[in-house]
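Protein sequence lines, in the order shown, are assigned to chains A and B.
Each residue of the first sequence is one higher than the one before, counting from 4 in my numbering.
Each residue of the second sequence is one higher than the one before, counting from 4 in my numbering.
There are 2 protein chains.
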Amino acid sequence: MNLKEFSQKIGISQTTISRALNGYPEVSDATRRKVEEAAIRHNYSPNVRAKSLATGRSMLIGHVIPAANTHEMVNPIFGDFLAGASHTYTQRGYDMLISRATDAGEAKTYRDLIAKAAVDGIVVQGPSVNDPRIAVLTDLGIPFVVHGRASQVDVPYSWVDVNNRQSFKRATDFLLDLGHRRIALLNGLETMDFAQRRRQGYEESLGARGIAADTGLMRSAEMTETYGYFETRALLAQDAPPTAFLVASLITANGVARAIAEAGLVIGKDVSVVTHDDDLSYLPNGSDIPVFTATRSSVREAGRIVADMLIDAIGQPHKAPQTVLLEAELVVGQSTGSAPHKG
Amino acid sequence: MNLKEFSQKIGISQTTISRALNGYPEVSDATRRKVEEAAIRHNYSPNVRAKSLATGRSMLIGHVIPAANTHEMVNPIFGDFLAGASHTYTQRGYDMLISRATDAGEAKTYRDLIAKAAVDGIVVQGPSVNDPRIAVLTDLGIPFVVHGRASQVDVPYSWVDVNNRQSFKRATDFLLDLGHRRIALLNGLETMDFAQRRRQGYEESLGARGIAADTGLMRSAEMTETYGYFETRALLAQDAPPTAFLVASLITANGVARAIAEAGLVIGKDVSVVTHDDDLSYLPNGSDIPVFTATRSSVREAGRIVADMLIDAIGQPHKAPQTVLLEAELVVGQSTGSAPHKG
DNA sequence: GGGCGTTTCCAAAGCGCTTTGGATAAATGA
DNA sequence: TCATTTATCCAAAGCGCTTTGGAAACGCCC
């Protein structure tokens, strides 16, 4: 049913219906109620295509899935981040449009999305160190918010990030306080900005106690379970194995735990593990007592904040970029204990 | 830039440009090339809102995130399924619109999506046993494809599913052949259709060997790591503990493994584990040799197939519903071995 | 009854595209 | 050379809504 038909059916003019449904003040409460009720009864909703053509706004937020090498890993935080963001979108009348980057590159995908007038704003996920997308989007002049930050980008832009440096500094401090001196770092891919910052926090903490960071104890890769397993196995087989592991994700931490168990060691006693925990809904870190001591920050909550900031920015195009720095909490679980005394 | 401006800039009529860009035969190859090249050079893409208003098609496929209790779990397969589907969408000129079900319910969300003419087709994920969404969508007359099936729904509809019954039957057979007789089943939530089918396969296999399914060995819940851990701990503490576990997801299997290790038992020797593996990109089941013996089926591939079927259905609205039943493969890993002899 | 503010209606333009019918121009064949 | 095909152009309608200007209806007050 379109507006014309609906108008005839309920005997109210198209103008008044449109005004009633869009909250204009010059329509009486009685008529507004009548229209709203009739719309539900007759299942009338304005055609969004026509509406967005007329208003110039699509009420759609674009998310772009990174370029598509067949076997590229899907970021495990993707689902929870989206769930958080979509919570906000629904409340504020938006939907989410997901586009996959074409082979021509992500920048081209953004350009297209905007040239086609498909979305009102864009969310950028997983920024790398000197992420080119930020310059492209700034240039295109569309509202956007980055989940994470990009070092070395000097134009101002809106972002929401966890204080990764600080949280890994605290985690390292925590392990040092427990007497650990050989602490391995199983980091994410260091092309990612967050991984850089985490390493900085780790090195900073060690440096403050006069301990030189040992590159032999540092690893960097995509954060799979097997990565945690194999690197831990290799590290534990060294002459002077680490007594503690600082890990970038709960999934990887599972692999670390597997390798530790397999070596006949007890986690939290022989070897300590601290991991970052994105608080994914399908991957809770234990129930009442956490399995792993962790730096925890909800990625779902981050999604919610990013979405709110973006919609605000769409409403006020000339406002200066906003930034939000979230602090991760350090939760103590069963995976950490005092460093073992040397036999 | 809009069509009018673009037309003036390159000195070709709007009609011809439109025809060239949409592949109509009455435009010469030379002009078509000229238009396409100029479009790239001047960064012109037709406004999708206007285009879809004119054509009546949005080139958008709707996915709906289930109703939003604040802490509801995000399905971990969500990301990979979307990645698979979006691969197809991109190839065939579609994008994905994700909407979250409102508190008024998912049916209402579908109705809205269609009344608003926002999408050309819909993907239904995670069907429950007698899923009401299928009747709603059939009624609304929009093309849709279900990932999974819904028992007890008798109208024909298009679906793509793994043969869950068969794969859990095979897995149980496999454990029985190894001499196991007390096999625990850590199933997913049995409101979900797939969980029902898996239990049927399990019971069928036991039945064929004259073994009665023991409800004391069967569990059903959301497939988290902690669920696997706590249930396994409880089961192993029983008087006659199971010697094998059949598990619904790799994440849960991690919890199972943790409880087994904690009990001082060796997986694959003292206790065997078989799990279903959705082949998620961020959760590989080991590298060359699988960690867990598993029934494996790629959810990403399923996403690709679902998307292709849906787009086909949009192009041929009166074609009969199609169905695809995928067989899971049984891969043997390090988590299974002969049943231990009784001390 | 006149005047006034409020509410509703009517008609039409505009959003940017597709699609159609008919005109025009250019290339081709007899 | 004229008729015929082929390629392009022009003008306009239509997709379904919003938005505007101006007119009409309504209730209310003095």
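All residues carry an ideal CB built from backbone N, CA and C; glycine is no exception.
On a predicted model such as this, the values are computed, not experimentally measured, just so you know.
If you draw a 10 Å sphere on the C-beta of SER89(B), you find 16 or more other C-beta atoms in it, and that means buried. Judged by beta-carbon spacing, ARG299(A) lies beyond the 9 Å limit of ASP273(A), meaning their Cβ atoms are not closer than that value.
At a beta-carbon threshold of 9 Å, the residues of chain A lying near LYS119(B) are SER48, PRO49, ASN50, VAL51, ARG52, LYS54, ordered along the chain. Using beta-carbon distances, MET195(B) does not count as an interface residue toward chain A, since no partner is under 9 Å. One Cα belongs to TYR230(A), the other to VAL269(B), and the distance between them is close to 22 Å. Taken through DSSP and simplified to helix, strand or coil, LEU181(B) comes out as coil.
Contact annotation for ASP273(A) against chain B: no contact, minimum CB-CB distance about 13 Å [criterion: below 7 Å].
Rounded to the nearest angstrom, the gap between the Cα atoms of LEU178(B) and THR339(B) is 8 Å. Sequence-distant partners of ALA260(B) (beyond 5 residues in either direction) whose C-beta falls short of 6 Å from its own C-beta, in its chain, are ILE270. Within chain A, the residues placing a beta-carbon under 8 Å from that of ASN78(B) are GLY82, TYR285, ordered along the chain.
Using beta-carbon distances, SER161(A) does not count as an interface residue toward chain B, since no partner is under 9 Å. Chain order gives the chain A residues near THR105(B) as THR93, where near means a beta carbon separation below 7 Å. Contact annotation: LEU253(B) and LEU283(B) have beta-carbon atoms nearer than 9 Å. Beta-carbon to beta-carbon, THR141(B) and TYR160(B) are separated by about 6 Å, close enough to satisfy the 8 Å threshold. Sequence-distant partners of MET195(A) (beyond 5 residues in either direction) whose C-beta falls short of 7 Å from its own C-beta, in its chain, are GLY129, SER131. For ALA153(A), the closest of PRO245(A), ALA138(A), GLY144(A) by C-alpha to C-alpha distance is ALA138(A). In its chain, beyond the 5 residues on either side, HIS66, ILE68 have a beta carbon closer than 7 Å to the beta carbon of ILE101(A).
Residues SER10 of the same chain have their beta carbon placed closer than 8 Å to that of SER16(A), with the five preceding and five following residues left out of the count. In this structure, the straight-line span from the alpha carbon of PRO79(A) to that of MET226(B) is close to 16 Å.
At a cut-off of 9 Å between beta-carbon atoms, PHE233(B) makes contact with chain A. Sequence-distant partners of GLU29(A) (beyond 5 residues in either direction) whose C-beta falls short of 7 Å from its own C-beta, in its chain, are ARG22.
Taking the Cα positions, ASN166(A) is about 50 Å away from PRO343(B).
In the three-state reduction of the DSSP assignment, GLU332(B) falls in the strand class. Each residue's CA atom was taken as its position, placing GLU109(B) and VAL309(B) some 20 Å apart. Legend: CB atoms of the stretch 237 to 263 of chain B lying less than 8 Å from CB atoms of chain A belong to residues ILE254, ASN257, ALA260, ARG261. Contact of GLY289(A) with chain B by beta-carbon distance below 9 Å involves GLU228, THR229, TYR232.
For LEU268(B), there is no enclosing alpha helix (DSSP H), as DSSP marks it with neither H nor E. Taken through DSSP and simplified to helix, strand or coil, ARG35(B) comes out as helix. The continuous alpha helix (DSSP H) containing LEU24(A) extends over residues 17 to 24. Beta-carbon to beta-carbon, ALA120(A) and ARG52(B) are separated by about 6 Å, close enough to satisfy the 8 Å threshold. Taking 8 Å as the upper bound on Cβ-Cβ separation, chain A lies near residues LEU56, SER61, LEU63, ILE68 of the stretch 56 to 69 of chain B. In the three-state scheme derived from DSSP, where H, G and I count as helix and E and B as strand, VAL259(A) is classed as helix. When secondary structure is reduced to three states using DSSP, GLN128(A) falls in the strand class.
Spatial neighbours of ARG60(B) in its own chain (CB-CB distance under 6 Å, excluding positions within 5 residues in sequence) are listed in chain order as ASP123.
In this structure, GLY151(A) lies near ASP164(A), with their beta-carbon atoms less than 9 Å apart. For HIS150(A), there are no C-beta contacts with chain B under 9 Å, since the nearest C-beta of that chain is about 15 Å from it.
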